[in-house]
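Read the structure below first, then the notes.
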Amino acid sequence: MSILNQRFNTVHDTAPFSQIKNEDYIPAFDVAIEKTKAEIEAITGNAEVANFENTIVAMTYAGMELDRISNIFFNLHAAETNDELDQIAQEVAPKLSKLANDITLNPQLFERVKAVFDQRDSLSLNKEQQTLLQKSYRDFVRNGALLNEDKKESLRQIDAELAVLKLKFGENVLAETNAYQLHITQERDLAGLPEGTIEAARGLAASQEKPGWIFTLDFPSYIPFVTYADNRELRREIAIAAGRKAFQDNSHNNEDNIRKIVQLRFQRAQLLGYETHAHFVLEERMAQQPSKVNAFLNDLLQKAKPAAEREFQELSAFARKRDGIDQLEKWDTAYYSEKLKQEKFSLDDELLKPYFQLDKVLDGVFTIAQKLYGLHFHEVQHIDTYHEEVRTFEVVDETNELIAIFYADFFPRKGKRNGAWMTSFKPQYRQDGKNERPHISIVCNFTRPTATKPSLLTFNEVTTLFHEFGHALHGMLANTTYPTLSGTSVYWDFVELPSQIMENWCYEKEALELFAKHYQSNETIPMELIEKIKESASFLEGMATLRQLSFGILDMGWHGQDPSDIQKVKAFENETFASTQLYPDVKENAVSPSFSHIFNGGYSSGYYSYKWAEVLDADAFDYFKQNGIFNRDIANKFKDNILSKGGTEHPMELYKRFRGQEPQVEPLLKRAGLI
Ligand SMILES: [Zn+2]
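Numbering (the working numbering), first residue to last: 114 to 788.
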């Protein structure tokens, strides 16, 4: 039998990476899938009457071996992959989704869950148990378990249609993105562009055996072009091409798809007993209700709009003075923002990097975790890893009790996905009286050391490290009973609070003095640089806020009401955007036809959560600031009510217990310089 199906005889029960061979995975998955099925069958076949222990708790611990193998495999698939692992992932994914479906659509299992749920008031369950019961029940109901056969069939049809439409939506956006090229043949049209961007454009043209330079609607090509190209007419051309994606009179037009998608989502919600799709989605969010989201967006809009209008005036005046621009248009924003920012701050990465040596920043974030939560990080060499660059730490509390294992994988390499993320190889949970401590990992793509220099981070990399470390704290300090409610298993408009709040320490003198020291002279970063970093972080934040809000409002417009009466996408957008627009309308453009986040991705009725999370972290950090950023009492409240609680209670309840009240928008507005 594969090592993956056995108890790991390793230090702290850590994953035995060096002993796993690629050919172990498929058989290990197969065995674990069969074990999970057997565990479920043991529940449905139990002759005893269903109760909380023999059904709900038993379900929660079913499939733990499979989860453990999945964690190891899919984490490696993201951080250290190769063709073989890609192949295995392709083979395993359908097996796993079939198993998940077989469980949620299992009528005998649902019958037992419902029997327990129906007696919930007489079971004297604690909060965590109540949450677990409700979650288990809802997972079935939200998949149609309460419907009769006819309605179940309609639900299946709607889901099948939606899957096709969403796919089509995405394909159209992709096709339209790929269909456009800006082909430049005159060198003067490249004026203003950075050398790297020009080189890439030349490479693209050469690969098509064309002269000159080619720019596309892919972000790495498009964003630098609209940010730096001096030629306004060309910026206009490419910006309009971007705004016209899937909104042209051709076979890739998404207008019909949008109307069908929102209509089907509405029908689906109604079938399941919800007023609208937004009601369905928000039931499992901190915000709870569309009315709450709408009030949130409108409140923020009223408060941010004066600042946004002021900034728009300032940017317009700057463009007029600099280049005689009469009317600022959408294709001018990135360009003049960048120029104005340079003029105001002249901050550049090279100036800051010497103060952010990776090892010092890491020590700094550990020291902050010690000051706040009493954690100590000891780097160790005796824990197995999947790559020689992965560093491992034993994390202990003030009584030297093991809290977690922490892995850190910092540098880019072939086989690692882009970006940065936190993940776990083992969650925290209690079983048989034992508190199993979690194995948490952060994976990043930071600047590598060179032969002459250590790894020096850009400021953006510093905040990224703090962000992922915040997620890691949420995982490491978890202290719940059930693994499915542990750590970061929370509603998704709440999950960014622990991560984003950590970023705030990067802007505080008291914190920076701990780690922002020149790598050669050890001199602490000058205060004026910190001030500049702070100011530039909120530069033109009012306009950016208005833009984010406009997308949130559009999302709620599509999903928070009966969409039957919406005839024309463009007309609907103009109406919806009325309160958020600073620029003249571009009649050949529309947002929705390429708004993949909400029509093809997972963000429908969820776009608001970007701003929601910012409000939460600003409000929570404000509480620290009022009492001192290293105040142990506030830190304890944050740990006891948020970091350790996972998804065991409704996030609003947890938040109120920490903060003493619901989150307020003012701290964010203040931080962003909008009031
Ligand atoms: Zn995050």
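We put the CB at the ideal spot given by N, CA and C, even for glycine.
| Item | Value |
| --- | --- |
| E727 Cβ short of 7 Å to ligand 1 heavy atom set | no |
| According to DSSP, residues forming a beta bridge with D522 | V556 |
| Residue closest to A585, alpha-carbon to alpha-carbon, out of Y604, P562, Q613 | Q613 |
| Proximity of E152 and L598 at Cβ, strictly below 8 Å | no |
| Any non-hydrogen atom of ligand 1 closer than 7 Å to S612 Cβ | yes |
| Distance cut-off 7 Å: H587 Cβ against heavy atoms of ligand 1 | no |
| Contact under 8 Å by Cβ, S705 with V286 | no |
| When D439, L303, F328, A304 are compared against H296, the one with the closest alpha-carbon | F328 |
| Beta-carbon proximity check, N789 vs L222, cutoff 8 Å | In the structure displayed, the chain extends from 114 to 788; residue 789 sits before or after that span and is not available. |
| Ligand 1 heavy atom lying under 7 Å from the CB of H710 | no |
| Backbone CA spacing between L460 and K645 [nearest angstrom] | 7 Å |
| Cβ-based burial, S707 [other Cβ within 10 Å; buried from 16] | buried |
| Rounded C-alpha distance that separates Q247 from P611 | 24 Å |
| Contacts around Y468, its chain only, beta-carbon distance under 6 Å, and the 5 residues preceding and following it disregarded | A629, H631, I638 |
| Residue from D412, Q132, Q232, L209 with nearest C-alpha to G176 | L209 |
| Cβ pair G760, S718 closer than 8 Å | no |
| Host beta strand (DSSP E) of K466 (start-end) | Neither: K466 is in no beta strand (DSSP E) and is coded neither H nor E. |
| Exposure label - L206; buried when at least 16 CB within 10 Å | In the sequence as presented, Leu is not what sits at residue 206; that position holds Ala. Flag for A206 reads exposed. |
| The stretch 732-752 touching the stretch 773-780, judged by at least three CB pairs closer than 8 Å | yes |
| Near ligand 1: E574 beta-carbon under 7 Å from a heavy atom | no |
| Every unbroken beta strand (DSSP E) inside the stretch 437-510 [3 residues or more] | 489-493, 504-509 |
| Alpha-carbon spacing of G670 relative to K279, whole angstroms | 19 Å |
| Continuous alpha helix (DSSP H) assignments of at least 4 residues falling wholly in the stretch 613-671 | 622-628, 640-650 |
| Per DSSP, the bridge partner or partners of M535 | I555 |
| S737 in three-state terms, based on DSSP | The sequence given here places Phe at residue 737; Ser does not occur at that position. In this structure, F737 counts as helix in the three-state DSSP scheme. |
| Inter-residue spacing [alpha-carbon to alpha-carbon] between S568 and F690 | 45 Å |
| Where the beta strand (DSSP E) containing R561 begins and where it ends | Element bounds for R561: n/a, residue is neither H nor E. |
| Nearest to A521 (by Cα), restricted to the options N366, E501, P596 | E501 |
| Same chain, Cβ closer than 8 Å to E621, neighbours up to 5 away in sequence not counted | I742 |
| Residue span of the alpha helix (DSSP H) that contains K681, given as start and end | Premise fails: K681 is in no alpha helix (DSSP H) and is neither H nor E. |
| Distance between N118 and V144 (C-alpha atoms, nearest Å) | 7 Å |
| Runs of alpha helix (DSSP H) wholly within the stretch 568-593 (minimum 4 residues, chain order) | 572-589 |
| Distance CB(V493)-CB(E507) smaller than 8 Å | yes |
| Separation of S537 from H552, as counted between CA atoms | 6 Å |
| Selected residue, minimal CA-CA separation from L414, among G325, E654, N188, D272 | E654 |
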